[in-house]
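K.L.:
For reference, each letter of the sequence shown is one residue, going -20 to -1, 1 to 627 in mature numbering (1 follows the signal peptide of the UniProt record, and there is no 0).
The C-beta atom is built at its ideal place from N, Cα and C for all residues, glycine as well.
On a predicted model such as this, the values are computed, not experimentally measured, just so you know.
Mind having a look at this structure? Questions to follow.
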Amino acid sequence: MNKSTIIGCFLSVLTLSLSAQTSRPSTKHIKSNSSSIEATKTATTSVDELLKRRNNIGIQMGPVSEHFSIEEQKILRSYLSNQQQTTNNKTVIPEAFQNGNTENFGVPSSLESLSTVYGVDNSSTNLIGFEPTTPDNVEVFGSSPIVFNFEDAGAIDPQNPTTGYVIDDWGEFYSFDVESGFYTHLGNIPGWWLDMEYDRNTGILYAISEGKLYTIDPIAVTATEVGALVGIPAENFPATLAIDGNGVGYTFEMVDKGFYAIDLATATTTYIGNIDYNANYSQGMTYDPITDMVYISAFNDDIFTAEWRTVDVSTGMTTLIGPIVTPSEVTQVAWVSFGETLAPPTCERPTDLAVSNIMTSSVDLSWVEEPNASNGYIWYVFERGENPVSGTPIATGTTPSGITTATATDLANGLAFDFYVRADCDSDGVSQLAGPIKFSTVPTCGGKFYDSGGPNYNYSDNENITTVIHPETSEEAVTVTFINFDVEDEFDALYVYDGPDTSYPMIASGNPATYSGFPAGGYYGVENPGPFTSTHSSGALTFVFLSSDLGIYPGWEADVTCTSLGINEHSNQELSFYPNPTDGILNFKSIDNIENVTIFNVLGQQLISHSINATNSQVDLSELSTGTYIMKVLIKGQLSTHKVLKN
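Okay, structure coming up:
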């Protein structure tokens, strides 16, 4: 499509309430947080309950998804849209677009390439683009790394229209390349940033944070205050910013829906009128130099839908063009900016990337052939989250034309990686990178076991990942000891099985089923589970992790160790115990004194401990439930580990 680029952000992370006026919330949905809002995110089917909750929420900044699950948003959108009159849903094409007429605006031909709308869907991390007349026809161009903080402000550099800048709600500042879709972290500018826009006359980047206007220096990564937005009550929260071809700024506030002009030199505002739609949650606004019009990426709370609107800067009145429709099931666009229309690529990216046969230090890679890749392909494996444009790959290689598989080797065990590939089309150049496909190598004895985000990143939404950890020899058993654990409480869950697959007994937590519909027995919250030791003859443990679409968390870090199951060799002594299995009494006999006997369950919890100090003794297990237990026996300072079965 002829991409008239507007950049937008589809949000799903932090909600900032206007009830606190311009103050930042004292708590944020950060890595270690177990927010009280989670209690509202149960799967609800009652429209009445959803409408009541929607009314109680009031005016908000941030993502809709902090308050409603995807299914709940779909229910609300369907119900509220059906309540509207057909005339309210009419799509209107502004006069500037009729018959393709843009010449009446006197736009220089050099601007005609600035005609694509870009956006970032934070729930899917997709960088998207669409023509301003067809917001329901969206293409995906790349991926944003901002998946936990809230990407609420951004703008394309008009002097370099393939480069954009974004800043999240906690001030993390990035540049991104429109062609490749890759972001580069530049630094931090403290503030609660709600929108950014370039003044095309001066080349100055302006931004709004907490009721004040700032200039942003993207090279120095600094902000300079222009002043408070005089004339707009701070508690009404000015949340958007656009700057027209005459250097006049515009914003609207979220309480009374007032539309204002801004003097960029003084930050003084002038009331113009009302935007005439029920704006709620984060919105975006931008100026198009081709049509000389200001656009809004709206979220209309009356129909619970993302919309693309124009605004008459003389009256404040907005006109609906149509809904913004992305590949995601729900859409919210928090910032927008016009950028350069990209020529169709001469070398397409490979598609359908996949990983398989994941081992402790290797993985098989595959993709679907690009017909024009006459020089073959270049594949890369990076550490999870590494910038593939500027970073150094852990592994890389090439394959000739027609070969669409490869094997990456010498990878560290138990760590998370990203797989990319590009096509080499000879005289047509190389394609943009396709990917990433995320994977983690299998943990081994003496190594680490992490969630899919590895040591530095969170796990993702909608995961269903099975990890089987085997000992290195058949005489050993795996023990996994968690040292950090943070899984979304009562929504996501980690399940543990005592054996090499899920057909073996679950080592259940005792927790009930999650609100997201996952079965009982999973581990969640912030308390370290375990440790877990395999009692299966294979010595293996199986872990299954399920995550919902309601938030991403840090996950876990665990140590993997392997210990011998069976009788350890002690000098000058022999140990025997019987019967095994036992109905209750377990007899011990040893040449050397037995110092201590300790019994653990498979969760690693100590149940019985006896000081013996004799060569013959008994331990009563009759109070224990039927099952498998771990017994540790201390003789002459040497500890042996054994499996005991209780009938």
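Going by C-alpha to C-alpha distance, which of Leu619, His165 and Asn596 sits closest to Thr578?
P.N.:
Position 598 of the sequence shown, counted from the first residue, corresponds to residue 578. Looking at the Cα atoms, Leu619 is the closest of the given residues.
K.L.:
Report the CB separation of Gly519 from Ala457 in whole angstroms; it is logged as a contact under 8 Å.
P.N.:
Working through the sequence shown from its first residue, we reach residue 519 at position 539. Working through the sequence shown from its first residue, we reach residue 457 at position 477. Indeed they touch by this definition, with Cβ atoms about 4 Å apart.
K.L.:
On a CA-only basis, which of Gly42, Glu51 and Leu60 is nearest Leu31? Give me that one, please.
P.N.:
Within the sequence shown, numbered from 1, the residue matching residue 31 stands at position 51. Answer by Cα proximity: Leu60.
K.L.:
With DSSP as the reference, label Glu29 as helix, strand or coil.
P.N.:
Translated into positions along the sequence shown, residue 29 becomes position 49. Of the three classes helix, strand and coil, the one that applies to Glu29 here is helix, per DSSP.
K.L.:
Taking only three categories from DSSP, how would you classify Ala76?
P.N.:
Residue 76 sits at position 96 when you count from the first residue of the sequence shown. Legend: pLDDT at Ala76 = 36, less than 50; position of this residue unreliable, value from coordinates given subsequently. DSSP places Ala76 in helix when its eight states are reduced to three.
K.L.:
What is the DSSP secondary structure of Lys54, reduced to helix, strand or coil?
P.N.:
Counting from one through the sequence shown, the residue named residue 54 turns up at place 74. It is helical.
K.L.:
Please confirm if the segment 498 to 513 is in contact with the segment 417 to 426, defined as three or more CB-CB distances below 8 Å between the two stretches.
P.N.:
No, they do not touch.
K.L.:
Start and end of the beta strand (DSSP E) containing Gly207?
P.N.:
Counting from 1 along the sequence shown, the entry for residue 207 is found at position 227. Taken as a continuous stretch (DSSP letters only), the beta strand (DSSP E) holding Gly207 covers Thr202 to Ala208.
K.L.:
Measure the alpha-carbon distance for Gly356 versus Thr379 and round it to whole angstroms.
P.N.:
Reading the sequence shown from its first residue, position 376 is the one you call residue 356. Reading the sequence shown from its first residue, position 399 is the one you call residue 379. So the alpha carbons of these two residues sit roughly 6 Å apart.
K.L.:
Determine contact between the segment 121 to 140 and the segment 344 to 360, defined as no fewer than three beta-carbon pairs at a distance below 8 Å.
P.N.:
Touching, no, given that fewer than three Cβ pairs across the two stretches are closer than 8 Å.
K.L.:
Which residues in the same chain have their Cβ closer than 6 Å to the Cβ of Val120, if we skip the five residues on either side of it in sequence?
P.N.:
Walking along the sequence shown from the start, residue 120 turns up at place 140. Closer than 6 Å at Cβ, skipping near neighbours: Asn106 and Ile108.
K.L.:
At what residue ranges does the segment 479 to 563 contain a whole run of the beta strand (DSSP E), taking only runs of 3 or more?
P.N.:
DSSP runs (the beta strand (DSSP E)) wholly in the segment 479 to 563: 521 to 526, 535 to 544 and 555 to 558.
K.L.:
Identify which residue in Ile184, Ala375 and Gly382 has its Cα closest to the Cα of Asn352.
P.N.:
Translated into positions along the sequence shown, residue 352 becomes position 372. If we check each option's Cα against that of Asn352, Gly382 comes out closest.
K.L.:
Just to confirm, is the Cβ distance from Ile212 to Thr195 under 8 Å?
P.N.:
Within the sequence shown, residue 212 is the residue found at index 232, counting from 1. Within the sequence shown, residue 195 is the residue found at index 215, counting from 1. The answer is no: Cβ separation not under 8 Å.
K.L.:
State the Cα-Cα distance for the pair Gly617 and Thr461, rounded to the nearest angstrom.
P.N.:
As a first step, residue 617 must be located in the sequence shown, where it is residue number 637. As a first step, residue 461 must be located in the sequence shown, where it is residue number 481. Rounded to whole angstroms, Gly617 to Thr461 spans 24 Å at the Cα level.
K.L.:
Spell out a yes or no on whether the segment 484 to 500 and the segment 399 to 416 are touching, meaning 3 or more CB-CB pairs, one atom from each, closer than 8 Å.
P.N.:
No contact exists between the segment 484 to 500 and the segment 399 to 416.
K.L.:
Going by C-alpha to C-alpha distance, which of Ala403, Glu363 and Pro307 sits closest to Thr331?
P.N.:
As a working note, residue 331 is residue 351 in the sequence shown. Comparing Cα positions, the closest option is Ala403.
K.L.:
In this structure, how does DSSP classify Glu456 when only helix, strand and coil are distinguished?
P.N.:
Along the sequence shown, read from residue 1 onward, the residue named residue 456 stands at position 476. Strand, per DSSP.
K.L.:
How about Val305 and Val291: do their beta carbons lie closer than 8 Å?
P.N.:
The residue given as residue 305 occupies position 325 in the sequence shown. The residue given as residue 291 occupies position 311 in the sequence shown. In this structure, Val291 does not lie closer than 8 Å to Val305 by Cβ.
K.L.:
Can you tell me which of Ala247, Tyr251 and Thr246 puts its alpha carbon nearest to the alpha carbon of Tyr240?
P.N.:
Numbered from its first residue, the sequence shown carries residue 240 at position 260. Looking at the Cα atoms, Tyr251 is the closest of the given residues.
K.L.:
Once DSSP output is grouped into helix, strand and coil, what is the label at Tyr430?
P.N.:
Along the sequence shown, read from residue 1 onward, the residue named residue 430 stands at position 450. Three-state DSSP puts Tyr430 in a strand.
K.L.:
Going by DSSP, which residues form a beta bridge with His450?
P.N.:
Locating residue 450 in the sequence shown gives position 470, where the first residue counts as 1. None, per the DSSP bridge assignment.
K.L.:
With DSSP as the reference, label Ala241 as helix, strand or coil.
P.N.:
Against the sequence shown, residue 241 aligns to sequence position 261. The answer is strand: DSSP assigns Ala241 an E or B state.
K.L.:
When the Cα atoms are used, what is the spatial distance from Asp481 to Thr96?
P.N.:
Within the sequence shown, numbered from 1, the residue matching residue 481 stands at position 501. Within the sequence shown, numbered from 1, the residue matching residue 96 stands at position 116. C-alpha separation (whole angstroms): 49 Å.
K.L.:
When the Cα atoms are used, what is the spatial distance from Asp268 to Phe397?
P.N.:
In the sequence shown, the residue the question calls residue 268 occupies position 288. In the sequence shown, the residue the question calls residue 397 occupies position 417. Between Asp268 and Phe397, the C-alpha separation is close to 40 Å.
K.L.:
Which word fits Tyr558, buried or exposed, when buried means at least 16 other C-beta atoms lie within 10 angstroms of its C-beta?
P.N.:
Against the sequence shown, residue 558 aligns to sequence position 578. By the neighbour-count rule (16 or more Cβ atoms within 10 Å), Tyr558 is not buried but exposed.
K.L.:
So Thr424 packs on Glu452, CB below 8 Å; how close in whole Å?
P.N.:
As a working note, residue 424 is residue 444 in the sequence shown. As a working note, residue 452 is residue 472 in the sequence shown. About 7 Å separates the two Cβ atoms, so the contact holds.
K.L.:
Under three-state DSSP, which class holds Leu322?
P.N.:
As a position in the sequence shown, residue 322 is number 342, starting the count at 1. Three-state DSSP puts Leu322 in coil, outside helix and strand.
K.L.:
Going along the chain, which residues of its own chain have a beta-carbon closer than 6 Å to the beta-carbon of Thr447, five neighbours each way excluded?
P.N.:
Within the sequence shown, residue 447 is the residue found at index 467, counting from 1. Taken in chain order, the residues that qualify are Phe523.
K.L.:
List the endpoints of the continuous beta strand (DSSP E) containing Phe568.
P.N.:
Here residue 568 refers to the residue found at position 588 when the sequence shown is read from its first residue. It spans Ile565 to Phe580 - the beta strand (DSSP E) in which Phe568 sits, taken as one unbroken run.
K.L.:
In whole angstroms, what separates the C-alpha of Tyr477 from that of Ser483?
P.N.:
Along the sequence shown, read from residue 1 onward, the residue named residue 477 stands at position 497. Along the sequence shown, read from residue 1 onward, the residue named residue 483 stands at position 503. C-alpha separation (whole angstroms): 8 Å.
K.L.:
Could you check how far apart the C-beta atoms of Ser160 and Leu413 are, in whole angstroms? I think they sit under 8 Å.
P.N.:
Walking along the sequence shown from the start, residue 160 turns up at place 180. Walking along the sequence shown from the start, residue 413 turns up at place 433. Sure, about 7 Å apart at Cβ, within 8 Å.
K.L.:
Is it true that the segment 366 to 376 meets the segment 435 to 446, where meeting means three or more beta-carbon pairs spaced less than 8 Å apart?
P.N.:
Contact fails: fewer than three Cβ-Cβ distances are below 8 Å.
K.L.:
Given a cut-off of 8 Å on the beta-carbon distance, is the pair Ser589 and Lys569 in contact?
P.N.:
Stepping through the sequence shown from its first residue, residue 589 is reached at position 609. Stepping through the sequence shown from its first residue, residue 569 is reached at position 589. Their beta carbons are not under 8 Å apart, which means Ser589 does not touch Lys569 by this criterion.
K.L.:
Is the beta carbon of Glu320 closer than 8 Å to that of Pro141?
P.N.:
Working through the sequence shown from its first residue, we reach residue 141 at position 161. Working through the sequence shown from its first residue, we reach residue 320 at position 340. Cβ atoms of Pro141 and Glu320: closer than 8 Å.
K.L.:
Measuring straight from C-alpha to C-alpha, what distance separates Glu190 and Val235?
P.N.:
Taking the sequence shown and counting its residues from 1, one reaches residue 190 at position 210. Taking the sequence shown and counting its residues from 1, one reaches residue 235 at position 255. Their backbone Cα atoms lie some 15 Å apart in a straight line.
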